[in-house]
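**Student:** Residue numbers (this note's numbering): 7 to 133. Each residue gets a CB set at the ideal place from its N, CA and C atoms; glycine is no exception. What follows is a single structure, and I will ask about it in a moment.
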Ligand SMILES: [Zn+2]
Ligand SMILES: [Zn+2]
Ligand SMILES: [Zn+2]
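Here it is in structure tokens:
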């Protein structure tokens, strides 16, 4: 990977310049909102990340319940796709509680490119 470029999981390509800056600024803002601070809280779980394929393109558990969801998250340890914290059932969080897999990223949302650690309550830039 060339210096100055970040890998974008959302767009599936390498981004330089404005888009990389856009992601970094968005992540700083989200980090401030979700953790109350601007600097990154360290996470000790990054070595758990696997090269995973998404388990689904929907929240299967919500579909089974006849529910809808605002956004999807993907587990970076096993690829489980579940709905976000703003969803009625929070299936991504429930997956963490059931399995101990702490790291998620947005799934299928353009312009979102971050990692959240449930265990450390840390918002991380993409690795
Ligand atoms: Zn962590
Ligand atoms: Zn769900
Ligand atoms: Zn998982």
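Quick one: what's got a C-beta closer than 6 Å to residue 54's C-beta in the same chain, skipping five residues either side?
**Tutor:** Answer for residue 54: 83, listed in chain order.
**Student:** Which of the three DSSP states is assigned to residue 68 in this structure?
**Tutor:** Reduced to three states, the DSSP call for residue 68 is helix.
**Student:** Ignoring anything shorter than 4 residues, give me the alpha helix (DSSP H) runs that lie fully in the segment 85 to 119, in order along the chain.
**Tutor:** With a minimum length of 4 residues, the continuous alpha helix (DSSP H) runs that stay inside the segment 85 to 119 are 97 to 105.
**Student:** Using the three-state DSSP reduction, which class does residue 47 fall into: helix, strand or coil?
**Tutor:** Residue state, collapsed to three classes: coil.
**Student:** Consider the C-beta atom of residue 81 and the heavy atoms of ligand 2; say whether any pair is separated by less than 6 Å.
**Tutor:** No, Cβ of residue 81 sits at least 6 Å from all heavy atoms of ligand 2.
**Student:** Quick check on DSSP: helix, strand or coil for residue 80?
**Tutor:** Note: residue 80 maps to strand in three-state DSSP.
**Student:** Return helix, strand or coil for residue 40, following the three-state DSSP convention.
**Tutor:** It is helical.
**Student:** Counting only beta-carbon separations shorter than 7 Å, does residue 104 have a partner in chain B?
**Tutor:** Given the protein chain composition of this structure (a single chain), no chain B is represented.
**Student:** At the level of alpha carbons, what is the spacing between residue 58 and residue 85?
**Tutor:** Each residue's Cα considered, the two are about 5 Å apart.
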